[in-house]
Each structure stands twice: as structure tokens, then as C-alpha cells.
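Residue numbers (this note's numbering): 93 to 360.
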């Protein structure tokens, strides 16, 4: 492991073997907390076009990913696998934010490194339960939608902050309660408790995205609400899908104006 934070994140991002990537992120965080890392905010690192990932799971288009009911063990394993895949991608997304974007305040890099560390924890929680269900990460096909948005926003840190944490990760806040309800009906209360932990932390991750989006709008003299709606119009011309978890979004720092907009969309 190198002794510079952003280069270390870059190295972690490129690692292909799952356990090696998880261990490397933990080590990078340990070094950062011990004061053993420098930080070169102006360094221009080689952009990562594709993060390191294992051969499995097979990546397919989102529409081809099979959906199964929660009433069977395999159905619940399929859902846990989908969540594990989201968490693995979230590790890479956070590492990419650290390594890709230069000339941000030092706290930007430590914020996203800490997010990567929590995503490692989430992945390990879900993978353990997936193994309890008789499967493992890589056993089912998955899709690469999260990284696709990473590629689309690679040119601009403001767009990244607007569209990854504030749209994709915030969507997780919206859908998790419904997943928990179905898991509870199926009697998988342990999975419900794991999602409680993840939900709590993800509110914080979306809040980090909200903070840095608003910071960047302030730096550029932009109105956050107008900027966000313009980006939604550009990247999501059909609009964002509801329903929305208004309480969790409020806790994560969405503005009153944004909450009103989402509330109106929910009524359509």
C-alpha cells in the first residue's frame, strides 16, 4: 500500500479479487486514522475506466436480471445477492470519487474514504447472510448500472455528487422499507435487521453527497435546486421514479424545495 491517500484509493479501486479489495480498503482507512498517509489534492491520477472486479458475477443488462419471489430460500438469496452487488459497486464508486477528482478540500477525500469503508462493512454483512442462505457473491447474474452512471459523471465532480449519492443511493432509501416488509413476511427477520443497519448508514452517505453538492454549487455560484433539476432533466428526461422515502431524504439533507418537488411527483 502506498502512503498517499488518493493513490491508495486508486490502488484499491483496481483490485479484482473481492477479499483483497475489502482488506485493502480497511488497511487504507487504518493508515489514514493513524496519520500515516499524506494527501496530494492536486495530483492528477490516471482515470480508471473499469474498476477491478471478479470474473463472477456475470454482468447482464438490468432488464435481463431475473426477479424471484421472497417465499423461497433461493428467492431471498437472489435478493441478498443483488444487494451485495450494489454494496460492492458502492465501494468502487466511493473509491473513484477519492481518486478521480482533484483540488477538493481534504475532508472531501476522507469523507468518501469513510463511505467506502462502511460499504465494505455492508457488503460483508450481506455476504454472510447470503452464505447462510446457501449461496455466495457471484452465484447469480447482476447488472452494471451503478458504474454506468459513474462513467457518465466522470467529467465533473458536481455532476457526480448530484447524480450518484443524491439519485442512485437515495433511491436505496426509497425502496429498502418495501424490501424489508417482504422479507419480514417471509420470516427472514435477520435480513430485515441487516437492512436497518445499512439504511442508517446510507442516510449518512446521501448526506455526504448533499453536503458536497451544495458546497460545489456555492463555489460555482449556482443555485442548488435549479442545478439539480437541470441535471435531472438532462440525465433522466422521463423523470425520477417514486415513491419516495420522504423522512429518510429529509434526514439526509434534501432541501425543503426539493422535498416539495418530490412530494408533487409522488402525487402524479
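The beta-carbon is built from N, C-alpha and C at its ideal position, and this holds for glycine as well.
In this structure, the alpha-carbon of residue 263 lies about 20 Å from that of residue 203.
For residue 228, there is no enclosing alpha helix (DSSP H), since its DSSP letter is neither H nor E. A check of alpha carbon separations from residue 120 across 136, 103, 352, 284 identifies 103 as the nearest. It is roughly 10 Å from the alpha-carbon of residue 324 to the alpha-carbon of residue 251. Within the model, the alpha-carbon separation for residue 346 versus residue 293 is close to 16 Å. The beta-carbon distance between residue 286 and residue 217, rounded to whole angstroms, is 5 Å. This is short enough to meet the 8 Å contact definition. Annotation: residue 99 to residue 304 spans about 21 Å, alpha carbon to alpha carbon.
In this model, residue 178 and residue 329 are separated by some 24 Å (Cα to Cα). An exposed status is given to residue 95, since fewer than 16 other beta-carbon atoms sit within 10 Å of its beta-carbon.
Taking residue 291 as the centre and dropping the five residues before and after it, the same chain places the C-beta of 268 closer than 6 Å to its C-beta, in chain order. Contact between residue 326 and residue 301 is absent: CB atoms are separated by about 18 Å, not below the 8 Å threshold. DSSP, read as helix, strand or coil, puts residue 128 in coil.
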